[in-house]
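Numbering (the numbering used here), first residue to last: 1 to 347.
Worksheet: the structure to be examined is printed underneath.
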């Protein structure tokens, strides 16, 4: 665990699954957490070794050695929970480790109670679980398994966070490079424009008139383009028909609210999808039709009844078509939820 303490994902707060940001804590310090972890492990090992020493040398009763073992488990579990919480690992992993530590504590506590056979709880345990396979051994094995699983999952999550951060850095570096290239191109265009102005000094009046006309035409073209874009965006956003647009590579680049509501997801969920990796498309033959549409350019329509990857049961009347944006092929998917009509028809 200590080898990952200095990585960026461990010191940057992440959002909870529900979309709310975790409460800000003071910054994670690798040395601080490593020290706490070391002290906790040494304390736990010391309690356990002390109990074994007392038993071997002085035949100490189980009430003493078992209590020392309980203290060791509490120390180890408490330090583990604290370190994982400070690393801001996913809450469900923290809960896994916490439950595992609780199971171990309960297992040892039950073992101590059994040593006092005259007590009422011990008699009740002896009647409910004579062999100790459930309340003692079962809790111990389950707690140990949950603890180790939590540790391995936390390592995996930190690794995934590191990979995500690396990809983000690479993306930002690429965007910065593209912006610098655009600025260089703009400087070259400005220089060329200045040269043209100098060459046309002798015909200043005509040049000014032509330039004014070009500016007006460009403004009109930009205004038309802006209107067209606004119209398209409004049409997509307000359309009662679900709309999806995918690149030829499979990435989703457009998803309207109607489609998101129809499949039981958010627009952000749909924009993260790749249609070649959607299980329902593959299962019901939609993927094969989409590949054919992209390959041949012939549109395809039909109806399908399926359960989406987000758990919603739907009837879709769909239409698939290919179009080009520049030189790149795109797949247009129009889908209308006809579940209500189907249900009404069956009635």
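Heads up, the beta-carbon is just placed ideally off N, CA and C, and yes, glycines get one too.
Integer Cβ distance of residue i from residue j, believed to fall under 8 Å
| i | j | result |
| --- | --- | --- |
| residue 337 | residue 304 | 11 Å between Cβ atoms; not a contact. |
| residue 144 | residue 104 | 7 Å |
| residue 332 | residue 242 | So it is not a contact: roughly 11 Å between Cβ atoms. |
| residue 172 | residue 139 | Contact doesn't hold; Cβ gap of about 48 Å is too wide. |
| residue 226 | residue 264 | The Cβ separation is near 34 Å, so there is no contact. |
| residue 255 | residue 244 | 5 Å |
| residue 297 | residue 322 | 5 Å |
Sheet register partners of residue i (DSSP bridge)
| i | result |
| --- | --- |
| residue 330 | 247, 323 |
| residue 316 | 304, 337 |
| residue 274 | 251 |
| residue 242 | 335 |
Rounded C-alpha distance that separates residue i from residue j
| i | j | result |
| --- | --- | --- |
| residue 279 | residue 219 | 47 Å |
| residue 72 | residue 160 | 32 Å |
| residue 300 | residue 329 | 16 Å |
| residue 21 | residue 217 | Interpretation of residue 21 is limited by its pLDDT of 42, a score under 50 that renders its predicted location unreliable; the figure taken from the coordinates is listed afterwards. Going by the C-alpha atoms only, they are around 49 Å apart. |
| residue 311 | residue 258 | 17 Å |
| residue 185 | residue 294 | 35 Å |
| residue 102 | residue 164 | 33 Å |
| residue 6 | residue 38 | With a pLDDT of 41 at residue 6, under the threshold of 50, the modelled position of this residue cannot be trusted; read the value that follows with caution. Straight-line Cα distance between these residues: approximately 17 Å. |
| residue 390 | residue 195 | Absent from the structure is residue 390, since the part of the chain shown begins at 1 and ends at 347. |
| residue 191 | residue 33 | 58 Å |
| residue 291 | residue 266 | 25 Å |
| residue 23 | residue 41 | In this prediction, residue 23 scores a pLDDT of 44, lower than 50, which makes its location untrustworthy; no coordinate-derived value is stated. |
| residue 49 | residue 60 | 13 Å |
| residue 277 | residue 235 | 28 Å |
| residue 82 | residue 75 | 11 Å |
| residue 10 | residue 54 | Because the pLDDT at residue 10 is just 42, under 50, the model does not fix this residue reliably, and the point stays unresolved. |
| residue 46 | residue 66 | 14 Å |
| residue 155 | residue 78 | 18 Å |
| residue 262 | residue 97 | 38 Å |
| residue 182 | residue 189 | 10 Å |
| residue 378 | residue 319 | Coverage of the chain is limited to positions 1 through 347, which leaves residue 378 absent and any answer about it impossible. |
| residue 224 | residue 231 | 10 Å |
| residue 179 | residue 187 | 12 Å |
| residue 86 | residue 80 | 10 Å |
| residue 57 | residue 110 | 25 Å |
| residue 84 | residue 174 | 34 Å |
| residue 17 | residue 268 | Confidence in residue 17 is poor, its pLDDT being 45 and thus under 50, which makes the residue's placement unreliable; the coordinate value appears in the next sentence. Each residue's alpha carbon lies about 14 Å from the other. |
| residue 12 | residue 162 | With a pLDDT of 45 at residue 12, under the threshold of 50, the modelled position of that residue is not reliable, and no figure is offered here. |
| residue 215 | residue 166 | 44 Å |
| residue 100 | residue 141 | 9 Å |
| residue 35 | residue 168 | 32 Å |
| residue 44 | residue 281 | 53 Å |
| residue 210 | residue 200 | 11 Å |
Limits of the beta strand (DSSP E) - the one that residue i falls within
| i | result |
| --- | --- |
| residue 255 | 252-255 |
N- and C-terminal bounds of the alpha helix (DSSP H) containing residue i
| i | result |
| --- | --- |
| residue 286 | 286-296 |
| residue 182 | 139-199 |
| residue 279 | 279-283 |
Check your understanding: Do the region 88-100 and the region 135-151 make contact, defined as three or more Cβ pairs closer than 8 Å?
Key -> yes
Point to revise | contact_flag[the region 264-274, the region 284-298] where n(CB pairs < 8 Å) is 3 or more | key: no
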